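Presented below is the structure to which this report refers.
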Amino acid sequence: MTETVADISRRYQDYMVDMRRTMHSLPELSFEEQATSQLVQQELKKMGIPFELAGDFGIVATIEGKSQGQMVALRADMDALPIHENNPHLSYCSRNAGVMHACGHDGHVAMLLGAAQVFMHLKDGMDGTVKLCFQQAEERGGGTAEILKLLAPWPVKSAFAIHLWSEIESGKFSVQAGPRMAAGDNFQVVIEGVGCHGATPHRGVDPIVVASAIVMNVSHLIAREIDPTHAAALTFGKLHSGEAGNVIPDKAVLAGTLRTTDKADQVHLQAALRRVVQSTADTFRARAEVTIMRGGPMLFNEAGCSRVAEKAVQELFGAGELIAFPPLMVSENFGDFLEVYPGLMAFIGVHNESRGACFAHHHPKFNIDEDVLYRGAALHVAYALNCFRSL
3 MTETVADISR
13 RYQDYMVDMR
23 RTMHSLPELS
33 FEEQATSQLV
43 QQELKKMGIP
53 FELAGDFGIV
63 ATIEGKSQGQ
73 MVALRADMDA
83 LPIHENNPHL
93 SYCSRNAGVM
103 HACGHDGHVA
113 MLLGAAQVFM
123 HLKDGMDGTV
133 KLCFQQAEER
143 GGGTAEILKL
153 LAPWPVKSAF
163 AIHLWSEIES
173 GKFSVQAGPR
183 MAAGDNFQVV
193 IEGVGCHGAT
203 PHRGVDPIVV
213 ASAIVMNVSH
223 LIAREIDPTH
233 AAALTFGKLH
243 SGEAGNVIPD
253 KAVLAGTLRT
263 TDKADQVHLQ
273 AALRRVVQST
283 ADTFRARAEV
293 TIMRGGPMLF
303 NEAGCSRVAE
313 KAVQELFGAG
323 ELIAFPPLMV
333 SENFGDFLEV
343 YPGLMAFIGV
353 HNESRGACFA
363 HHHPKFNIDE
373 DVLYRGAALH
383 VAYALNCFRS
393 L
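The sequence shown begins at 3 in our numbering and counts up by one.
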């Protein structure tokens with residue numbers, strides 16, 4: 003009996019677990035993924051897969067089938083987070099203090115390496131070529147430009163990524179079309195006042211009062227200037243000013259994040275934020291400067307690619323494994339790929355309380371149900387093969 007893609011992928015389950023645990027124990031922050039990159043390069047060399055570097059640590063590998071006229075790009079992110087892991091019971095707990103794979107990127111890399119193993123079994127019969135993209139620095143909005151530059155000369159017809167997700171039951175798949183993750187912009191507001199003694203406030207301009215007023219005034223923008231049927235969020239996460247209780251400082255700094263699922267809302271809220279900050283500062287005789295830093299763009303799954311992924315899941319594991327899952331207000335920069343190529347990001351559930359995999363992403367106790375790794379590798383492969391035939 004001929005082995006299926008799922009059968010071949012299952013053969014590499016232990017390999018993927020080993021790769022994932024190795025990376026989990028030695029996590030690296032964005033733009034510092036040297037050891038992770040070297041591990042991936044080492045594994046690709048063992049498999050005889052050619053590759054090139056994308057930036058300092060990113061990698062684009064090529065598995066060529068019978069044709070270069072049909073290409074699919076598959077992506078996995080490699081970086082960890084500045085979080086101190088609190089899983090001392092795990093033999094593979096992070097050994098880098100203050101750094102942790104708390105978002106599943108170690109699993110993403112392991113699945114793409116597993117997919118590479120499967121592709122090598124199938125490449126002589128493949129009707130196209132796959133580009134395996136191992137991306138650095140996703141958590142800080144980096145790594146995509148270098149990969150997209152390397153992909154640009156080639157006829158890539160679709161880009162695909164998988165995100166393991168802690169809110170979904172282990173092994174279930176969400177590949178639906180439409181908005182899946184919000185655009186994420188970060189901003190900073192620097193308020194310049196006039197410092198003075200706390201006993202003589204009339205001689206100064208208090209930037210703390212100005213900052214407080216800005217927070218309150220801006221908080222109404224979502225409720226009163228955005229269509230209530232559109233998901234959006236504007237959150238302040240930082241307010242810093244002064245060092246002593248009896249001194250009015252001369253400066254205050256606010257910082258926050260803006261999340262939108264509609265491009266028109268994104269443009270409007272950026273302008274509205276600047277407007278309200280400036281008018282509030284003027285009211286209190288202060289000066290204010292707003293800096294908005296672009297984060298991950300809106301992540302939107304293309305309908306045709308979603309149908310290809312649905313078919314792949316059904317063929318691999320049955321239609322009962324597909325679920326509907328609402329869009330998320332978190333963001334990540336795979337959307338940079340989807341602004342260039344049709345494609346999608348699939349979610350695979352890793353929530354399993356019996357395995358202790360029940361904590362949210364970015365939590366110090368975050369972990370995944372590793373049993374899903376072979377499923378992710380199989381989906382990478384099946385999606386690419388179906389793309390060659392149908393897109």
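Every residue, glycine too, gets a C-beta built ideally from N, C-alpha and C.
What you are looking at is a predicted structure, and each value in this text was computed from that prediction instead of being measured.
At the level of alpha carbons, what is the spacing between residue i and residue j?
i, j, result
"residue 152", "residue 62", "8 Å"
"residue 18", "residue 26", "12 Å"
"residue 59", "residue 135", "11 Å"
"residue 30", "residue 38", "7 Å"
"residue 275", "residue 220", "7 Å"
"residue 260", "residue 217", "13 Å"
"residue 101", "residue 201", "45 Å"
"residue 366", "residue 99", "12 Å"
"residue 257", "residue 244", "16 Å"
"residue 109", "residue 306", "27 Å"
"residue 293", "residue 265", "19 Å"
"residue 150", "residue 249", "51 Å"
On the CB-based measure, 16 or more other CB atoms within 10 Å of its CB, does residue i come out buried or exposed?
i, result
"residue 97", "exposed"
"residue 320", "exposed"
"residue 2", "Because the chain in this structure spans residues 3 to 393, residue 2 falls outside the shown range and cannot be described."
"residue 20", "exposed"
"residue 40", "exposed"
"residue 113", "buried"
"residue 299", "buried"
"residue 77", "buried"
Based on DSSP bridge pairs, tell me the residues matched to residue i.
i, result
"residue 409", "It is not possible to answer for residue 409, since the shown part of the chain is limited to 3 through 393."
"residue 374", "Beta-bridge pairing links residue 374 to no other residue."
"residue 245", "According to DSSP, which records beta bridges pairwise, residue 245 is partnered with nothing at all."
Taking residue i as the reference, which of the options has the closest Cα?
i, options, result
"residue 179", "340, 368, 4", "340"
"residue 10", "391, 376, 389", "376"
"residue 159", "133, 183, 168", "133"
"residue 42", "12, 81, 202", "81"
"residue 359", "167, 382, 322, 203", "167"
"residue 8", "316, 333, 336", "316"
"residue 302", "112, 344, 242", "344"
"residue 239", "224, 124, 191, 231", "191"
"residue 380", "122, 28, 232", "122"
"residue 350", "84, 45, 142, 174", "174"
"residue 273", "382, 187, 13", "187"
"residue 329", "91, 194, 176", "176"
"residue 115", "353, 271, 13, 298", "13"
"residue 285", "232, 227, 333, 208", "208"
"residue 394", "271, 45, 391", "In the structure as shown, the chain begins at 3 and stops at 393. Residue 394 is therefore absent and cannot be evaluated."
"residue 304", "355, 241, 281, 182", "182"
Could you pull the start and end residues of the beta strand (DSSP E) that residue i belongs to?
i, result
"residue 182", "180–183"
"residue 295", "289–295"
"residue 254", "253–262"
"residue 347", "345–353"
"residue 92", "Where residue 92 is concerned, there is no enclosing beta strand (DSSP E), given that its DSSP letter is neither H nor E."
"residue 231", "Taken as a continuous stretch (DSSP letters only), residue 231 belongs to no beta strand (DSSP E), as it is neither H nor E."
Name the two residues that bound the continuous alpha helix (DSSP H) containing residue i.
i, result
"residue 339", "337–340"
"residue 207", "First-last for residue 207: undefined, no H or E at that position."
"residue 24", "15–27"
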